[in-house]
Amino acid sequence: MDVAIGRVVYTPLLTPNGGFKQDLTIMRLAEDVFRVVTGGAYGMSDRKWFCDHLPADGSAQLSDQTSAWCTLGLWGPRGRDVLETLTREDVSHEGFPFATCKAIELDAIPVLASRISYVGDLGWELYAPIEEGARLWDIVAEAGAPHGIVPVGIGVYGTTGRLEKCYRAYGAELESEFNVVEAGMAWGKVKDQDFIGKEAHVRHRGEEPAAIMCTLTVDDHNSRSGVKRYMLGHEPILTRDGKPLVDRKGRRSYVTSAGAGPSIGKHILMGYLPPEHAVGGAQLAVEYMGEQYPVTVEVAGSTPIFDPENARIRH
Numbered sequence: 019m020d021v022a023i024g025r026v027v028y029t030p031l032l033t034p035n036g037g038f039k040q041d042l043t044i045m046r047l048a049e050d051v052f053r054v055v056t057g058g059a060y061g062m063s064d065r066k067w068f069c070d071h072l073p074a075d076g077s078a079q080l081s082d083q084t085s086a087w088c089t090l091g092l093w094g095p096r097g098r099d100v101l102e103t104l105t106r107e108d109v110s111h112e113g114f115p116f117a118t119c120k121a122i123e124l125d126a127i128p129v130l131a132s133r134i135s136y137v138g139d140l141g142w143e144l145y146a147p148i149e150e151g152a153r154l155w156d157i158v159a160e161a162g163a164p165h166g167i168v169p170v171g172i173g174v175y176g177t178t179g180r181l182e183k184c185y186r187a188y189g190a191e192l193e194s195e196f197n198v199v200e201a202g203m204a205w206g207k208v209k210d211q212d213f214i215g216k217e218a219h220v221r222h223r224g225e226e227p228a229a230i231m232c233t234l235t236v237d238d239h240n241s242r243s244g245v246k247r248y249m250l251g252h253e254p255i256l257t258r259d260g261k262p263l264v265d266r267k268g269r270r271s272y273v274t275s276a277g278a279g280p281s282i283g284k285h286i287l288m289g290y291l292p293p294e295h296a297v298g299g300a301q302l303a304v305e306y307m308g309e310q311y312p313v314t315v316e317v318a319g320s321t322p323i324f325d326p327e328n329a330r331i332r333h
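Oh and the sequence shown: position 264 is 282 in our numbering, straight run, nothing missing.
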């Protein structure tokens, strides 16, 4: 990974056919030291994948440090204000840019801080020795109290914050049956070095995608009986007259993720749609509990529906 020491890179791992094996972040800590951060539910699977693909000549080694570290996410518009009270390090945007990491101390606790966000707001992932986890929580909570800090869990990290930013999740939007182009994640150029799935990935970039990841919102939650219904995920996506959507590879469209979007005041859905339906403003439907509910395509591709300029993250 040819980036400067201290950079943080978000990247997928690919299957040989160019689908998603995983998505993860990698921090370059030294010339020849990288820290790989995977999803918590898939760590051992990813560990085996890396071990299976280590070079036979021993030029690279893997050290599994999962049990040695804890992680605390500090995110929100006042995240910098909280962090500044705990460290002497410069955590301004100029001193600690987005997508970088550095070793800092928080009240004498050694912390590797990574400025990256999965919730669509300013903040850091804070990695500390596992034995310091409880104290790290306490000092961050105390420093954040004057700023209105509150503890939140996966409902924000994995659902509301993520969906408002149209971030994809492995196991939902990202899986082996869909490729990087279809997921709207073919942002940069293809690196010169070889990698698993490169041939397929290059081919996909030269083709029209069979499906496009889209973000939709629900227009009306009322059932025929007057009860409001809120989709949870995996529901079929249909035309307004009830016909299933099927792409040219024979894959039916369905809701990959669903959840509340409090910042926009709407219930948000994600799903892959055939290109002819992957158009902002397209009127579709979702089948849920035996009834159909009207939905609208908000975005085709990866542009967030909340803070589309990413100003909240990158200031």
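Even glycine gets a Cβ: it sits at the ideal position worked out from N, Cα and C. All of these numbers come straight from a predicted model, not from anything done at the bench.
{"query": "For leucine 80, I'd like the list of residues in its chain whose CB is within less than 8 Å of its CB, leaving aside the five on either flank, ordered along the chain.", "result": "Arg65, Phe68, Cys69, Leu72"}
{"query": "Closer than 8 Å is the cut-off here; do at least three beta carbon pairs connect the segment 105 to 116 with the segment 159 to 171?", "result": "no"}
{"query": "Measuring straight from C-alpha to C-alpha, what distance separates proline 128 and tryptophan 155?", "result": "13 Å"}
{"query": "Can you tell me whether asparagine 240 is buried or exposed? The criterion is at least 16 other CB atoms within 10 Å of its CB, across all chains shown.", "result": "exposed"}
{"query": "With burial defined as no fewer than 16 other Cβ atoms inside 10 Å of the residue's Cβ, what is the status of glycine 244: buried or exposed?", "result": "exposed"}
{"query": "CA-CA distance, aspartate 210 and methionine 249?", "result": "43 Å"}
{"query": "Going by the DSSP bridge assignment, what does arginine 132 pair with across the sheet?", "result": "Residue identity check: residue 132 is serine in the sequence provided, not arginine. Answer is Cys119, Glu143."}
{"query": "DSSP on lysine 216, reduced to helix/strand/coil?", "result": "helix"}
{"query": "If you follow the beta strand (DSSP E) that cysteine 69 is part of, which residue opens it and which one closes it?", "result": "Where cysteine 69 is concerned, there is no enclosing beta strand (DSSP E), although the alpha helix (DSSP H) it sits in stretches over 61 to 70."}
{"query": "Is any beta-carbon of chain D found at less than 8 Å from that of glycine 97?", "result": "Considering every chain present, this structure includes no chain D. It has just one protein chain."}
{"query": "From which residue to which residue does the beta strand (DSSP E) around tryptophan 205 run?", "result": "It is not in any beta strand (DSSP E) - tryptophan 205 carries neither H nor E in the DSSP assignment."}
{"query": "CA-CA distance, leucine 302 and proline 254?", "result": "11 Å"}
{"query": "Would threonine 235 pass as a contact of methionine 288 if the rule is Cβ separation under 8 Å?", "result": "no"}
{"query": "Between the Cα of asparagine 328 and those of Ile167, Glu102, Glu182, His165, spot the shortest distance and give me the residue it belongs to.", "result": "Glu182"}
{"query": "If we require 4 or more residues per run, which alpha helix (DSSP H) segments fall completely within the segment 75 to 111?", "result": "97 to 102"}
{"query": "Mapping DSSP to helix, strand and coil, what is proline 254?", "result": "strand"}
{"query": "Apply the 10 Å Cβ neighbour rule to lysine 261 and answer buried if 16 or more other Cβ atoms are within range, or exposed otherwise.", "result": "exposed"}
{"query": "Going by DSSP, which residues form a beta bridge with isoleucine 230?", "result": "Leu291"}
{"query": "Shortest alpha-carbon distance to proline 293 belongs to which of Ala117, Ala229, Arg258?", "result": "Ala229"}
{"query": "Counting beta carbon pairs with one atom in the segment 140 to 150 and one in the segment 82 to 94, are three or more of them shorter than 8 Å?", "result": "yes"}
{"query": "Under a Cβ-count criterion, where at least 16 other Cβ atoms within 10 Å of its own Cβ denotes burial, should alanine 201 be classed as buried or exposed?", "result": "buried"}
{"query": "Give the DSSP bridge partners of serine 241, in chain order.", "result": "Per DSSP, none; premise fails for serine 241."}
{"query": "What does DSSP give as the partner residues of glutamate 305 in its beta bridges?", "result": "Gln310"}
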